[in-house]
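Following: one structure in C-alpha cells, then a few remarks.
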Amino acid sequence: MNGSGRSGQRPGPKSGAAKPQNNGAAQGRSADGRGADRNSRPPASARVVALDVLVRVEQEGAYSNLLLNSSLQKSGLSREDTGLATELVYGTLSRLITLDYVLDDFVSKGIAKLTPWVRSLLRLSLYQIMYLDRIPPHAAVNEAVNIAKKRGHQGISGMVNGVLRSVLRAGELPVLKKGLSAAQRISILYSHPLWMVERWEAEYGIAAAEAMCSANNEPPAVSVRVNTTMISRDKLLEQMREAGLDASPSSLSPYGIVVKGAGNLALSGWYKDGYLSVQDESSMLVAEAVAPEPGMRVLDCCAAPGGKSAHMAELMKDDGYIYANDLHAHKARLISEQAGRLGLDCITTGHADALELAAELSAESFDRVLLDAPCSGLGVIRRKPDLKWRKLPEDVDSIAGLQSELLQAVSALVKPGGVLVYSTCTTEQAENSAIVAAFLECNPDFVPVSFSSPVWERTKDTALAAGEGIQLLPQHYGSDGFYIARLQRLL
C-alpha cells in the first residue's frame, strides 16, 4: 500500500462537489424498500460524520467546507476525532479517481452502481487503508462493517466486508493497466481529471505536470501574515514559540510565518488582537509586488475578503488611501471588518462591478491599481480538492474573456508613472500570460516591470518567468499556485 500518512488538518475549501453517479438503489435498500439512509443512524463518530458529508457533497452538490464545519459543530467530536473527520472528507475527495479505479476491480457490478452512501463508505475506508499509516487497516475495515450493519442490512455489511478484505489481500495498490499514456498514469495515481493533466503537460511538460498533481495532494501549510503596524515578525515568532507552537519564518514572504500543528489560528488571541491574518504565502507576494508607499492612492478592484488590501495598508504604515472594491455589498463589509480588526484606518470600501469603476472614479487618479482577477482557481486545489471535479476546460476559456475586459477597464485609472498589478490564483496561461500579452499589445503606454521587483529577485531561482509575469506552481514552495504581473504606465 502507498503509506503517505498525513499530518495536520486541511483547511476547508470554499466550494466543490464530486460529480453524482448512478445510485443503483438496490444495493442500499432496507427490506421494506425504503432507502437505508432513512434508517436509524449510528451514533456520531469521525467516520459517520465524514460519511454524511461525503454523501451530501456528491448528491446535493453541497460545499464541503461549509457542510463539514456545520456538521463538526453539531457533532460534539473530540479535537482528535474532528481532525480525523476533516482528513477523511478532504482526503477522500482529493483521491476520488484513484479510489474508484481501485474499487472497480473489487466491486462486481462496479462502483458507479452502488447506493451513494455505500460508495462513499467504501471510498473513505479505502482512503484510510491506502493513505493513512496511523490507522491499522483491519480497524478501518471493522469500522466500515459496523457502520454498514447499522445503516443498511446484513447483505450490505457482508459486501463491504468482502470488498475491503479483498483489498487487504491484494497488496500494493493501485495496479495500473497496461498501455496507459503518461498523462493517464498521472491522472490515476494522483487523482486529477485527465484533461487537467494533459493541459499542464502541454503548458509545463510531463514532469512538471506530475509534480503539480503530487503537490496538490499534500496537506496545505498553515501560514499567517504579520501585521507589522502592530508587531514585528521576530517578536510574534518569539511569542508563538514561547506558547509552544512550531513556528518558523516564511522563506517566501518577509511578512509570513509558517505554523505547524496549531489548529485554527483565526481563533487565537493574536488574530483577535489584530497581530496577524491567515493568508497563503504566495498570496502575500501580491501586495509586495504592488509596492505601495505611505501617502499613495491605491485601488484594489476585486478586494474581498480583504487580505491583500489589508497587507497593502500595512505596507503603507496606514498612511494614504486605499479604495477596496468588491462586486457584492456583503463582501465589502467583510473587508471593513478585517480593516477594523487590524486597526487600519486608510481603507475605504465600496461595492460595484469592477468593469464600471472607470466610469465612477476619476481617470488616472491612482498611484497603484491591483486587479486580483476572478479566475478558475486551479492554483489552490491543495486547499480546495473539490475544484478538480467542478471545473471543466471551458471554464478556463470562458473566464479569460472577462479577465481581459477587467484589465483593460481598470487600466484607465492608473496615473502616468503608476503601477498596475494583475494577479490570479491559477496556473493556466490562458488566464495569465496570454491576458497580459494581449493587454500590452493594445496598450503601448504600459511596459512590463515584473522582473525588476524584489518578488522576482527572491523567487527567480524557483518560479517561472511566464511571459511578462511571475508564475508560482504549487510544488515550488508548497504554497498556492499564483501568477503576478507588474505593469507600469509610461510618463
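Going by this note's numbering, the final residue of the sequence shown carries number 1342, and the count climbs one at a time with no gaps.
Just so it is clear, CB atoms sit at the ideal spot from N, CA and C, and this is done for glycine as well.
Nearest candidate by alpha-carbon position, reference residue i, set the options
| i | options | result |
| --- | --- | --- |
| residue 1326 | 1235, 1258, 923, 1230 | 1230 |
| residue 1198 | 1209, 1206, 1186, 1208 | 1186 |
| residue 905 | 929, 940, 924 | 940 |
| residue 1013 | 996, 1098, 1099 | 996 |
| residue 1292 | 1216, 1259, 1040 | 1259 |
| residue 1124 | 1142, 1153, 1082 | 1082 |
| residue 836 | 1102, 1069, 1126 | Because the chain spans 852 through 1342 in this model, residue 836 falls outside it and cannot be assessed. |
| residue 1245 | 982, 1282, 1212 | 1282 |
| residue 1137 | 1178, 1122, 1154 | 1154 |
| residue 1044 | 1058, 1067, 1028, 1030 | 1067 |
| residue 1208 | 1233, 1026, 1175 | 1175 |
| residue 1339 | 1141, 991, 1050, 1077 | 1141 |
| residue 1191 | 1046, 1078, 1105 | 1078 |
| residue 1168 | 1212, 1178, 1145, 1177 | 1145 |
| residue 1242 | 1311, 1040, 1122, 1050 | 1050 |
| residue 965 | 935, 1010, 938, 1166 | 1010 |
| residue 936 | 901, 917, 927, 1211 | 901 |
| residue 1256 | 1267, 1273, 1056 | 1273 |
| residue 1279 | 1310, 1261, 1295, 1317 | 1317 |
| residue 1206 | 1193, 907, 1177 | 1177 |
| residue 1040 | 1027, 1052, 974, 963 | 1027 |
Buried or exposed by the 16-neighbour rule on C-beta atoms within 10 Å, applied to residue i
| i | result |
| --- | --- |
| residue 1038 | buried |
| residue 946 | buried |
| residue 1226 | buried |
| residue 1313 | exposed |
| residue 1023 | exposed |
| residue 882 | Unreliable positioning characterises residue 882 in this predicted model, as indicated by a pLDDT of 32, which lies under 50. A coordinate reading is not provided. |
| residue 869 | Residue placement at residue 869 cannot be trusted, given a pLDDT of 37 that sits under 50; what the coordinates show is reported in the next sentence. Result: buried. |
| residue 972 | buried |
| residue 930 | exposed |
| residue 1336 | buried |
| residue 1365 | This structure leaves residue 1365 out entirely; the chain is present only between 852 and 1342. |
| residue 1180 | exposed |
| residue 903 | buried |
| residue 1341 | exposed |
| residue 942 | buried |
| residue 1017 | exposed |
| residue 1061 | buried |
| residue 1298 | exposed |
| residue 1029 | exposed |
| residue 954 | buried |
| residue 915 | buried |
| residue 975 | buried |
| residue 1056 | exposed |
Whether residue i touches residue j by CB criterion (8 Å)
| i | j | result |
| --- | --- | --- |
| residue 1128 | residue 1331 | no |
| residue 1150 | residue 1220 | yes |
| residue 1162 | residue 1183 | no |
| residue 980 | residue 1019 | yes |
| residue 1148 | residue 1120 | no |
| residue 1264 | residue 1214 | yes |
| residue 1228 | residue 1239 | no |
| residue 950 | residue 977 | yes |
| residue 1217 | residue 1269 | yes |
| residue 910 | residue 967 | yes |
| residue 1222 | residue 1276 | no |
| residue 1084 | residue 1108 | yes |
| residue 898 | residue 998 | yes |
| residue 1088 | residue 1098 | yes |
| residue 1224 | residue 1195 | no |
| residue 917 | residue 895 | no |
| residue 1324 | residue 1059 | yes |
| residue 1157 | residue 1189 | yes |
| residue 1104 | residue 1135 | yes |
Proximity test, Cβ basis, 8 Å: residue i and chain D
| i | result |
| --- | --- |
| residue 964 | Judged by its chain identifiers, the structure shown contains no chain D, having just a single protein chain. |
Task: Cβ contact (3+ pairs, closer than 8 Å) linking the stretch 1237 to 1252 and the stretch 1293 to 1309 - done: Contact fails: fewer than three Cβ-Cβ distances are below 8 Å.
Open item on the list: Three Cβ pairs or more, each shorter than 8 Å: is that satisfied between the stretch 951 to 961 and the stretch 915 to 934?
Closed with: Touching, no, given that fewer than three Cβ pairs across the two stretches are closer than 8 Å.
TODO: Pick out the complete alpha helix (DSSP H) segments inside the stretch 1195 to 1252, 4 residues or longer, and give them in chain order.
DONE: Every unbroken stretch of the alpha helix (DSSP H) spanning 4 or more residues and falling wholly within the stretch 1195 to 1252 is given here in chain order: 1208 to 1211, 1238 to 1241.
Open item on the list: Taking 8 Å as the cut-off, does the stretch 1095 to 1114 touch the stretch 1284 to 1296 (at least 3 CB pairs, one atom from each stretch)?
Closed with: The answer is no - the stretch 1095 to 1114 does not touch the stretch 1284 to 1296, with fewer than three Cβ pairs under 8 Å.
Open item on the list: Does the structure place the stretch 1024 to 1035 close enough to the stretch 1001 to 1016 that three or more beta carbon pairs sit under 8 Å?
Closed with: A contact is defined here as three or more CB-CB pairs under 8 Å, and the stretch 1001 to 1016 fails this definition with respect to the stretch 1024 to 1035.
- [ ] Pick out the complete alpha helix (DSSP H) segments inside the stretch 1040 to 1077, 4 residues or longer, and give them in chain order.
- [x] DSSP runs (the alpha helix (DSSP H)) wholly in the stretch 1040 to 1077: 1045 to 1055, 1057 to 1067.
TODO: Entirely within the stretch 1076 to 1134 and at least 4 residues each: give me those alpha helix (DSSP H) ranges in chain order.
DONE: Runs found: 1084 to 1093, 1120 to 1123.
- [ ] Mind listing, in chain order, the continuous alpha helix (DSSP H) runs of no fewer than 4 residues lying wholly within the stretch 1140 to 1170?
- [x] Runs of the alpha helix (DSSP H) inside the stretch 1140 to 1170: 1158 to 1166.
TODO: Could I get the ranges of all uninterrupted alpha helix (DSSP H) runs contained in the stretch 969 to 1025, with 4 residues as the minimum, in chain order?
DONE: Runs of the alpha helix (DSSP H) inside the stretch 969 to 1025: 988 to 1002, 1005 to 1021.
TODO: Just list the beta strand (DSSP E) runs in the stretch 1246 to 1322, keeping only unbroken ones of 3 residues or longer that don't cross its boundaries, in chain order.
DONE: The stretch 1246 to 1322 contains these whole beta strand (DSSP E) runs: 1265 to 1275, 1297 to 1299, 1315 to 1317.
TODO: Ignoring anything shorter than 4 residues or poking outside the stretch 904 to 950, list the alpha helix (DSSP H) runs there in chain order.
DONE: You should have 915 to 926, 930 to 945.
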